[in-house]
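Protein chains: 2
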Amino acid sequence: MAENLPVNSLRTAFDILETLAARDGMSISELASSTERPKSTVYDHLVTLHELGYLVERDGSYQISSDFLRMGDVARQRLEIYQSAGEELQRLANETGEHASLTVEEHGKAVIIATEEGDEAIPVNIYNGIVMKMHTAAPGKAIFAHLGEDRVSEIVETHGLVERTENTITDRDDLRAELAEIRERKYALDDEERLMGMRSVAAPVIDRGGRVRGSLAIYGPTNRIDDELFREDIPDLLMRSANIVEVLMNYD
Amino acid sequence: MAENLPVNSLRTAFDILETLAARDGMSISELASSTERPKSTVYDHLVTLHELGYLVERDGSYQISSDFLRMGDVARQRLEIYQSAGEELQRLANETGEHASLTVEEHGKAVIIATEEGDEAIPVNIYNGIVMKMHTAAPGKAIFAHLGEDRVSEIVETHGLVERTENTITDRDDLRAELAEIRERKYALDDEERLMGMRSVAAPVIDRGGRVRGSLAIYGPTNRIDDELFREDIPDLLMRSANIVEVLMNYD
DNA sequence: AAAAATTTTCCGGCATTACCGGAAATCAGA
DNA sequence: TCTGATTTCCGGTAATGCCGGAAAATTTTT
């Protein structure tokens with residue numbers, strides 16, 4: 009983090025933007041202390057970002073503008089896997105009644121780029137753009153299993169195998185074994201490895217060139233996702249859907 | 009546009025980001041010529057943005073990362089009107105079979121921050137974050153009608169009354185009269201004023217303090233939206249929903 | 001294969017400007 | 001109206017964004 013960037017002011021700008029995204033309606037003084045920068049500097053950036061249209065002033069305080077929504081949406085639209093997965097996500101959510109989501113890897117992290125809520129879906133924090141460590145939940149592991157040995161090591165090197173619950177995989181050899189097993193059986197399981205009380209299942213989506221593009225997943229509370237659902241029914245649904253997405257994806 | 013900003017490098021950075029959002033998978037050289045800046049400058053920014061995580065390298069070319077999706081989504085979640093309108097949007101889409109959307113004003117423009125597609129919805133370009141001129145379609149006009157004389161003048165001053173179709177309101181007095189009528193009858197109509205073949209209807213959402221927070225709208229093809237739907241049924245649905253959103257919004 | 005062409009990455013110097021302390025202006029509350 | 005807090009503005013300067021050009025890497029052509 010302490011390293012020098014070619015255009016340092018961008019760090020300041022995005023620091024401010026991220027702070028505003030995290031907590032809303034902050035005053036300049038608050039922003040200044042949160043980002044640990046002089047008020048005048050923060051002010052310069054706020055004025056600039058506002059002028060460019062990326063901030064909006066509402067009720068006397070600054071907020072992130074919908075430009076980010078637009079840019080994010082456009083970027084997402086352009087992902088082939090997103091285009092192809094829409095229908096299946098919806099279907100998975102309907103069939104299971106739980107949260108269904110589409111995840112891709114970016115910068116060594118698992119990013120949820122789309123979610124659909126089934127009728128029973130727990131009102132848990134699963135929203136667009138949320139980022140998770142690769143090793144903690146099923147979607148990340150499903151992708152992880154198909155990334156290639158060195159890329160995995162590289163990512164583990166950078167982000168570590170942080171323990172989230174007592175079930176989290178924190179040992180490299182354990183991870184290696186787990187990933188091999190996932191490759192073997194074609195889907196990944198997370199039994200309260202990221203969050204106590206939550207299980208997730210995921211199947212990778214692999215393109216014609218053999219590269220993993222992302223994964224489809226179902227999340228649900230442990231009490232509802234019994235062993236049969238967890239290890240048989242849901243994996244089957246996911247593998248079916250993943251397969252369909254793979255076919256759709258390779259049309260053009 | 010030629011004016012000087014306190015932090016000029018941000019213009020460069022967002023120029024690059026917007027260019028990348030618009031056209032995907034551009035090489036550095038292409039980006040340099042598109043943004044009319046030296047390659048080395050573009051390179052500096054790309055490296056910085058990549059390091060910060062806002063760009064992703066895929067297949068040897070840069071793309072906007074899902075961070076924008078996250079930031080946009082978070083910003084949107086924080087809008088009270090968005091929280092309150094979710095259910096109603098869905099319902100409107102179901103009831104009409106057309107596109108239902110939620111629009112707010114930002115920087116004098118109408119921004120669609122949420123859409124739901126009904127069964128019959130035309131596969132038209134209505135997506136999150138899309139920006140329209142206030143005077144062209146129903147959602148913008150519905151908001152416009154409740155902004156206050158001087159704010160309207162200010163916006164018209166800045167953005168003009170650009171003609172999109174032969175039906176577009178391009179005269180200030182006509183606009184003033186139209187807005188008065190909208191206030192009167194409580195909803196706005198757009199009869200192919202923005203796009204030939206498309207009609208839209210919108211109802212404003214006004215908070216307890218009398219301030220307009222946004223509008224609910226239905227879009228559909230002229231041949232399907234006959235006069236009765238256009239002037240009676242859809243307005244009724246929208247006014248009902250807008251009213252519900254208003255109530256929900258003022259709970260806390 | 002080698003060479004040529006193109007693109008990407010890197011470097012270094014200079015003019016620019018991002019940064020920030022402090023002052024002025026504005027706002028909020030009593 | 002006064003007071004305290006916050007926002008806005010200003011100006012000097014150390015830092016750095018910018019960019020030409022060269023090196024490295026990649027792709028295309030012969």
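Protein chains in written order, with the working numbering: chain A, 9 to 260; chain B, 9 to 260.
Note that CB positions come from ideal geometry on N, CA and C, so glycine has one too.
For clarity, every value in this text was computed on a predicted model and none was experimentally measured.
Are the C-beta of residue i and some C-beta of chain B separated by less than 9 Å?
i: valine 82(A); result: yes
i: threonine 166(A); result: no
i: alanine 10(A); result: Confidence is the limiting factor: at alanine 10(A) the pLDDT is only 44, short of 50, which leaves the residue's position unreliable, though a coordinate-based value still follows. It does not; no Cβ of chain B falls within 9 Å.
i: serine 41(A); result: no
i: alanine 29(A); result: yes
i: valine 112(A); result: yes
i: aspartate 32(A); result: yes
i: leucine 18(A); result: yes
i: valine 139(A); result: yes
i: leucine 25(A); result: yes
i: asparagine 175(A); result: no
Whole angstroms are fine: how far does the CA of residue j sit from the CA of residue i?
i: proline 229(B); j: alanine 29(A); result: 37 Å
i: glutamate 38(A); j: leucine 87(B); result: 20 Å
i: serine 208(B); j: valine 119(B); result: 15 Å
i: aspartate 198(A); j: arginine 216(B); result: 46 Å
i: glutamate 95(A); j: leucine 256(A); result: 11 Å
i: isoleucine 121(A); j: tyrosine 195(B); result: 35 Å
i: valine 253(B); j: histidine 115(A); result: 39 Å
i: glycine 203(A); j: serine 48(A); result: Per the sequence presented here, residue 203(A) reads as leucine, with glycine not at that position. C-alpha separation (whole angstroms): 42 Å.
i: arginine 78(A); j: histidine 143(B); result: 21 Å
i: proline 131(A); j: alanine 211(B); result: 30 Å
i: serine 74(A); j: aspartate 179(A); result: 42 Å
i: glutamine 71(A); j: phenylalanine 152(B); result: 21 Å
i: leucine 237(A); j: alanine 250(A); result: 17 Å
i: isoleucine 177(B); j: threonine 43(B); result: 34 Å
i: phenylalanine 76(A); j: isoleucine 134(B); result: 16 Å
i: alanine 40(A); j: valine 50(A); result: 6 Å
i: valine 213(A); j: glutamate 162(A); result: 22 Å
i: arginine 45(A); j: aspartate 52(A); result: 11 Å
Which class does residue i belong to by DSSP, given the choice of helix, strand or coil?
i: threonine 111(B); result: strand
i: arginine 84(B); result: helix
i: valine 55(A); result: helix
i: leucine 25(A); result: helix
i: methionine 204(B); result: coil
i: glutamate 38(A); result: helix
i: tyrosine 90(A); result: helix
i: lysine 117(B); result: strand
i: aspartate 244(B); result: helix
i: proline 14(A); result: coil
i: valine 64(A); result: strand
i: isoleucine 226(A); result: strand
i: glutamate 236(B); result: helix
i: leucine 197(A); result: strand
i: methionine 79(A); result: helix
i: valine 253(B); result: helix
i: glutamate 162(B); result: helix
i: threonine 173(B); result: coil
i: arginine 221(A); result: strand
Hey, does residue i have any beta-carbon neighbour from chain A nearer than 9 Å?
i: proline 212(B); result: no
i: arginine 202(B); result: no
i: glutamate 157(B); result: no
Closer than 7 Å by beta-carbon distance: list the chain B residues that pair up with residue i, in chain order.
i: aspartate 52(A); result: Pro14, Val15
i: asparagine 136(A); result: Leu77, Arg78, Asp81
List the residues of chain A whose Cβ lies closer than 8 Å to the Cβ of residue i, in chain order.
i: histidine 115(B); result: Gly61, Val64, Ser73
i: phenylalanine 22(B); result: Leu60, Tyr62
In chain B, which residues lie with their C-beta within 9 Å of the C-beta of residue i?
i: phenylalanine 152(A); result: The premise fails here: phenylalanine 152(A) is roughly 17 Å from chain B at the closest Cβ pair, so nothing lies under 9 Å.
Kindly list, in the order they appear in chain A, the residues whose Cβ is closer than 9 Å to that of residue i.
i: isoleucine 121(B); result: Ser74, Leu77
Counting only Cβ pairs nearer than 7 Å, list the residues of chain A close to residue i.
i: valine 55(B); result: Pro14
For residue i, is the beta carbon positioned less than 8 Å from some heavy atom of the ligand FMN?
i: arginine 78(A); result: Annotation note on the ligand FMN: not contained in the displayed structure, which lists no ligands.
Given that residue i touches chain B, what residues does it touch there, using C-beta distances under 8 Å?
i: arginine 86(A); result: Asp32, Gln71
#### Entry: Inter-stretch contact (C-beta, 8 Å, three-pair minimum) for the segment 98-107 of chain B and the segment 73-91 of chain A
Between the segment 98-107 of chain B and the segment 73-91 of chain A there are fewer than three C-beta pairs closer than 8 Å, too few to call the two in contact.
### Query
With a cut-off of 8 Å, do at least 3 Cβ pairs link the segment 178-196 of chain B to the segment 116-131 of chain B?
Cβ pair count under 8 Å is below three, so no.
### Query
Any contact of the segment 9-24 of chain A with the segment 16-31 of chain B, i.e. 3+ C-beta pairs under 8 Å?
Segments in contact, yes.
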